[in-house]
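Read in the working numbering, the sequence shown has 137 at position 20, and its numbers run on one by one without any break.
Working notes, beginning with the structure itself.
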Amino acid sequence: MKKLFMLTALAASFSFATSEPHVHDGFFLNFAMGMGYQSMDYTTYNYDDDTYGHSGLATDIDVKLGCSVTDMVAVHITLTGDTPTESVGEGRDDNEVKANLSLLGIGTTLYFPGNYLASASLGIGQFRVYDDISTFHARVVSNPDTYSRSGFAFQIAAGKEWWVSDNWGIGATAALLYGFETNLADARESSLSISLRFSATYN
């Protein structure tokens with residue numbers, strides 16, 4: 118993944134020289150942030166080894182970095198994640214337990230007439246369950262030597278952008294993020310979220 122990131126960044130740096138106003142070409146950078154609904158199943162390994170469910174409001178943060186290969190197609194590295202706005206339960210010593218799902222992968226964004234867009238990404242999904250403590254450090258509930266915390270995740274999104282300068286566009290998108298992992302204790306964790314986001318894109 119590190120080599121993939123370096124190759125994408127190198128290709129993007131060369132593309133700066135060919136960028137034209139109001140054209141999807143050259144370097145591609147997208148930020149998106151919003152909120153939505155998230156439903157998840159998770160296991161509190163060190164507490165009681167039971168699986169629980171949680172659903173509710175969640176925040177969505179998304180970053181895409183890459184380059185345009187045509188005036189309608191961009192390829193990129195995607196880093197995105199959804200986190201419930203509230204704790205998902207209580208752990209030992211009445212500490213709040215929080216959870217989130219993040220995706221690190223590769224994807225493609227397609228542009229259509231009218232600056233409508235569709236995007237899809239897939240890669241490694243990282244599911245975390247942890248305590249909230251006053252020093253802002255997170256203690257992972259599972260033992261990394263015993264349980265696998267990484268699995269598969271994908272994201273699909275669609276929306277529209279409006280040019281606000283030669284190379285910057287702002288827009289709104291709807292996104293779906295799903296991921297799951299199966300740990301060595303044969304428990305399965307999963308998360309599904311649907312979000313509405315505001316976005317800013319340099320292209």
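Built from N, CA and C at the ideal position, the CB exists for glycine as well.
Remember, predicted model here, so these are calculated numbers, not experimental data.
{"Check": "Proximal residues to Val190 (C-beta, below 7 Å), its chain only, five neighbours per side dropped", "Outcome": "Thr225 and Leu227"}
{"Check": "Member of Ile273, Asn232 and Gly222 whose CA lies at the smallest distance from the CA of Gln243", "Outcome": "Gly222"}
{"Check": "Chain-order list of residues whose beta-carbon lies under 7 Å from that of Thr290 (same chain, five-residue window excluded)", "Outcome": "Ala149, Ala274, Ala275, Gly276, Arg314 and Ser316"}
{"Check": "Three-state secondary structure assigned by DSSP to Asn320", "Outcome": "coil"}
{"Check": "Selection from Trp285, Asp283, Phe297 and Ser236 that minimises the alpha carbon distance to Phe269", "Outcome": "Phe297"}
{"Check": "Per-residue DSSP class, three states only, for Val192", "Outcome": "strand"}
{"Check": "Paired residues, beta bridge with Asp142 - DSSP", "Outcome": "DSSP, once it has assigned bridges, lists no residue as partnering Asp142."}
{"Check": "Thr299: first and last residue of the uninterrupted beta strand (DSSP E) it sits in", "Outcome": "Trp285 to Thr299"}
{"Check": "8 Å contact criterion, which Ser310 and Tyr154 should meet: CB distance rounded", "Outcome": "7 Å"}
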